[in-house]
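Let me begin by presenting the structure, written as structure tokens, before commenting on it.
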Amino acid sequence: MSTHQLNPNTWVDQYADYLFNYAVARVSDAEIAKDLVQETFFAGLKSAKNYKGDAAERTWLIAILKRKVIDHYRKINSKKGKAEVRMGYTNTSEEEGDWLEERVADPFNRGGDDSIENKELGLAIQDCLSKLPKKQSLVFSMKTIQGMSTEDICNELGINPSNLWVMIHRARTTLMGCMNQTWF
Amino acid sequence: MKISCEKATELCTRSQYEEATWWQVIKLKLHLFYCKSCSKFSAKNSKFTTLCEQANMHVITENEKEAMKEQLRKQL
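From first to last, the protein sequence lines are chains A and B.
Going by our numbering, the residue at position 33 of the first sequence is 33; the numbering climbs one at a time, nothing skipped.
Numbering-wise, our numbering comes out as the position in the second sequence, counting from 1, plus 184.
So this is what it looks like as structure tokens:
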């Protein structure tokens with residue numbers, strides 16, 4: 001029996017930022033990352049009937065996104081000079097696929113370097129952020145991630161500065177609690 | 185001069201974005217001088233700011249999200 005269900009209508013609100021951070025950490029280009037996220041949603045819709053419900057929705061989407069990232073590297077690799085592509089890796093096509101997969105960093109394989117830790121950190125914050133009330137997380141990310149000015153945010157959302165600070169303060173307090181064990 | 189812990193922690197959050205006035209900063213500093221639990225909170229808050237910077241996060245703006253939803257709706 002399936003324990004999870006797909007709700008494509010809520011995908012963008014619930015997972016777009018999380019998937020985007022996952023992608024941006026791997027392709028280092030915001031525009032490409034955005035396209036990959038959109039493609040992931042499309043692919044998710046297309047293969048929704050294959051979803052068995054044994055993985056959570058987000059995990060399932062991440063798995064698709066991972067393939068999209070791999071495909072992206074395959075594509076840019078195939079545009080390069082052939083000599084560069086075939087640098088002594090085994091020539092059978094299946095094993096070549098394996099190699100490319102290994103190149104795409106996996107958040108569950110902890111490595112020694114900082115950038116991997118930062119990828120995890122971004123996703124951890126994003127994960128906690130998705131548990132906040134919508135308005136709080138919006139205000140927090142406009143201020144902290146987009147670095148918008150207090151005035152602009154207030155104008156855009158129709159709130160006053162003291163509302164804004166109360167919301168940011170609550171958001172931060174909850175986020176710190178959420179991230180507590182691992183990161184502090 | 186004296187402020188409540190609630191007020192102090194909120195000022196502490198403002199100061200993380202460098203948007204507390206100098207007078208607010210002085211009131212906050214004074215409070216932190218004698219209040220241990222707020223000092224602790226303040227240290228954690230600063231650490232969280234550092235973490236947010238290190239994380240190098242990105243967001244998709246609300247407008248872009250709307251566009252994404254629209255695209256998805258077309259496929260449904």
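Every residue, glycine too, gets a C-beta built ideally from N, C-alpha and C.
Please return the same chain residues whose Cβ sits closer than 7 angstroms to the Cβ of residue i, not counting the five positions on each side in sequence.
| i | result |
| --- | --- |
| A/Tyr15 | Arg58, Leu61 |
| B/Met185 | Lys211, Leu214 |
| B/Thr233 | Gln200 |
| A/Tyr51 | Leu6, Trp60 |
| B/Glu190 | none |
| B/Val209 | Ser199 |
| A/Ala124 | Met179, Thr182, Trp183 |
| A/Pro161 | Thr150, Cys154 |
| B/Ile187 | Lys211, His215 |
| A/Met1 | Bear in mind that a pLDDT of 45 at A/Met1, under 50, signals an unreliable position, so the number given afterwards is only what the model happens to contain. Contacts found: none. |
| A/Leu164 | Val139, Thr150, Ile153, Cys154 |
| A/Met148 | Met142 |
Check this for me: beta carbons of residue i and residue j, under 9 angstroms apart or not?
| i | j | result |
| --- | --- | --- |
| A/Gly122 | B/Met241 | yes |
| B/Leu235 | A/Trp183 | yes |
| A/Ser47 | A/Ile70 | no |
| A/Lys143 | A/Ile159 | no |
| A/Lys68 | A/Ala23 | yes |
| A/Val27 | B/Glu194 | no |
| A/Thr150 | B/Glu237 | no |
Would you please state the rounded distance, in angstroms, between the beta carbons of residue i and residue j? I believe it to be under 8 angstroms.
| i | j | result |
| --- | --- | --- |
| A/Phe20 | B/Gln259 | Actually they are not in contact, since the Cβ atoms of A/Phe20 and B/Gln259 sit about 19 angstroms apart, beyond 8 angstroms. |
| A/Ile168 | B/Thr205 | Wrong, their Cβ atoms sit about 17 angstroms apart, outside the cutoff. |
| B/Arg239 | A/Asn180 | At residue 239 of chain B the sequence reads Ala, which differs from the Arg that was named. That belief does not hold up - the Cβ atoms of B/Ala239 and A/Asn180 are roughly 16 angstroms apart, past 8 angstroms. |
| A/Gln38 | B/Val243 | Between B/Val243 and A/Gln38 the Cβ distance is about 15 angstroms, and since that is not below 8 angstroms, they are no contact. |
| A/Gln126 | A/Asp17 | 6 angstroms |
| B/Lys253 | A/Val12 | 5 angstroms |
Going along the chain, which residues of its own chain have a beta-carbon closer than 8 angstroms to the beta-carbon of residue i, five neighbours each way excluded?
| i | result |
| --- | --- |
| A/Gln5 | Gly53, Glu57 |
| A/Leu132 | Phe140, Ala171, Thr174, Leu175 |
| B/Cys219 | Cys189, Ala192 |
| B/Ser230 | Gln200 |
| A/Pro8 | Phe41, Gly44, Leu45, Ala48 |
| A/His72 | Val27, Ile32, Leu36 |
| B/Ala251 | none |
To which residues of the same chain is residue i closer than 6 angstroms at the C-beta, ignoring the five residues directly before and after it?
| i | result |
| --- | --- |
| A/Ala25 | Lys119 |
| A/Leu129 | Ser137 |
| A/Asn109 | Its pLDDT being 49, under 50, A/Asn109 is placed unreliably by the model, and the measurement read from it follows with that caveat. Once the five neighbours on either side are set aside, A/Asn109 has no close Cβ partner at all. |
Exercise for the section: Determine, using beta-carbon pairs with one atom in the segment 136-146 of chain A and one in the segment 30-49 of chain A, whether at least three such pairs fall under 8 angstroms. Expected result: Per the Cβ contact rule, the segment 136-146 of chain A is not in contact with the segment 30-49 of chain A (fewer than 3 Cβ pairs under 8 angstroms).
Exercise for the section: Entirely within the segment 25-67 of chain A and at least 4 residues each: give me those alpha helix (DSSP H) ranges in chain order. Expected result: As far as the segment 25-67 of chain A is concerned, its whole alpha helix (DSSP H) runs of at least 4 residues are 30-46.
Practice task
Kindly confirm or deny that the segment 220-234 of chain B and the segment 242-254 of chain B touch, where touching means at least three C-beta pairs closer than 8 angstroms.
Solution key: Contact between the segment 220-234 of chain B and the segment 242-254 of chain B is absent, because fewer than three Cβ pairs lie under 8 angstroms.
Problem - Unbroken stretches of the alpha helix (DSSP H), 4 residues or longer, contained in the segment 125-181 of chain A - result: Listed in chain order, the alpha helix (DSSP H) runs fully inside the segment 125-181 of chain A are 134-140, 150-157, counting runs of at least 4 residues.
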